[in-house]
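Step one of this worksheet: look at the structure below.
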Amino acid sequence: MKAVNSVMFKTMSSHYKDDAFVKILVAGLELDCSLSGTANRLLDFQVQKWKNDGKTPEEVSTLLKLDDTSPDLDIKQLETVWVEYVYVLIRSNPDSTNVLMTDATMARIAKILAIELEKKTSLLALRVQKLRKEQFTQWMQRDFTLESAEKMLLDEGVDKELIKKIVDGYATFLKENVKDPQPRLLRVSER
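Each residue of the sequence shown is one higher than the one before, starting from 1 at the first, in the UniProt record's numbering.
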């Protein structure tokens with residue numbers, strides 16, 4: 001069965017461009033039936049293909065049109081695909097500092113994390129908890145203060161209420177993981 005799936009996915013990917021392939025993938029992930037298992041295998045195949053092709057998180061984000069506000073796009077499913085890709089990149093590369101370094105990628109992950117972690121039972125929430133720790137670790141390595149994290153998120157268009165949740169999570173992370181977190185905990189006077 002595995003060989004059949006592999007041939008099917010390779011055939012599909014050779015006949016469809018990435019954007020059409022993603023539409024097929026998203027439609028399959030939305031199904032609540034026996035085909036959703038096939039969609040998950042298709043997701044694994046596509047994520048591995050992007051990884052092998054050397055696509056960056058930004059390239060996959062653009063390919064998925066995550067910044068497109070068109071109402072016909074199911075952003076939730078597309079974000080699931082994107083988070084899965086970033087997770088695979090980090091998991092396959094222990095020195096993943098290059099994966100999350102851009103502010104746009106960090107802001108997108110922070111936003112998705114803050115929303116999904118509130119749900120606690122979401123499969124996406126379970127997957128992205130590791131990403132949140134990785135992200136905060138990278139912020140710490142880049143000497144981000146609460147103020148610089150907030151500024152970066154504002155610059156990337158994250159709304160203020162969500163920024164507060166993200167920055168509060170980062171403050172907790174710093175208190176738990178840094179000997180002297182005080183210099184980084186300098187608060188912005190008003191949020």
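Note that the Cβ used here is the ideal one computed from N, Cα and C, for glycine as well. Remember, it's a predicted structure, so these values are computed and weren't measured experimentally.
*Go ahead and label residue 79 buried or exposed: buried means 16 or more other beta carbons lie within 10 angstroms of its beta carbon, across all protein chains shown.*
Taking the first residue of the sequence shown as position 1, residue 79 is located at position 79. Answer is buried; the Cβ neighbour count reaches 16.
*Could you round the C-beta distance between residue 174 and residue 140 to whole angstroms and report it? I think they count as a contact, below 8 Å.*
One-based indexing of the sequence shown puts residue 174 at position 174. One-based indexing of the sequence shown puts residue 140 at position 140. Going by Cβ atoms, the distance from residue 174 to residue 140 rounds to 7 Å, so yes, they are a contact pair.
_First through last residue of the alpha helix (DSSP H) which encompasses residue 143_ = Here residue 143 refers to the residue found at position 143 of the sequence shown. Counting along the chain, residue 143 falls outside any alpha helix (DSSP H), and DSSP gives it neither H nor E.
*Buried or exposed for residue 176, please, with buried defined as at least 16 other CB atoms from any protein chain shown within 10 angstroms of its CB.*
For the purposes of this step, residue 176 is taken as the residue at position 176 of the sequence shown. Flag for residue 176 reads exposed.
*Are residue 114 and residue 160 close, meaning C-beta to C-beta below 8 Å?*
Counted from its first residue, the sequence shown places residue 114 at position 114. Counted from its first residue, the sequence shown places residue 160 at position 160. Their beta carbons are not under 8 Å apart, which means residue 114 does not touch residue 160 by this criterion.
*Grab me the residues of residue 107's own chain with a C-beta within less than 7 Å of its C-beta, minus the 5 sequence neighbours each way, in chain order.*
One-based indexing of the sequence shown puts residue 107 at position 107. So the list reads 152, 153, 156 and 158, once near-sequence residues are dropped.
*Which listed residue (92, 109, 143 and 62) has its alpha carbon closest to that of residue 48*: By 1-based counting over the sequence shown, the position of residue 48 is 48. Minimum Cα distance to residue 48 is reached at 92.
*Could you check what DSSP says for residue 56 in three-state terms: helix, strand or coil?*
Within the sequence shown, numbered from 1, the residue matching residue 56 stands at position 56. Looking at residue 56 - three-state DSSP - the assignment turns out to be coil, as it is neither helix nor strand.
*Are residue 87 and residue 50 close, meaning C-beta to C-beta below 8 Å?*
Position 87 of the sequence shown holds residue 87. Position 50 of the sequence shown holds residue 50. No, they are not a contact pair.
*What residue range is occupied by the uninterrupted alpha helix (DSSP H) comprising residue 165?*
For the purposes of this step, residue 165 is identified with residue 165 of the sequence shown, where counting begins at 1. Counting along the chain, the alpha helix (DSSP H) containing residue 165 begins and ends at 160-177.
*Mind checking residue 83: buried by the 16 CB within 10 Å criterion, or exposed?*
The sequence position of residue 83 within the sequence shown is 83, counting from 1. Residue 83 is buried by the Cβ-count criterion.
*Can you tell me the Cα-Cα spacing of residue 110 and residue 132, whole angstroms?*
Translated into positions along the sequence shown, residue 110 becomes position 110. Translated into positions along the sequence shown, residue 132 becomes position 132. Rounded to the nearest angstrom, the two C-alpha atoms are 7 Å apart.
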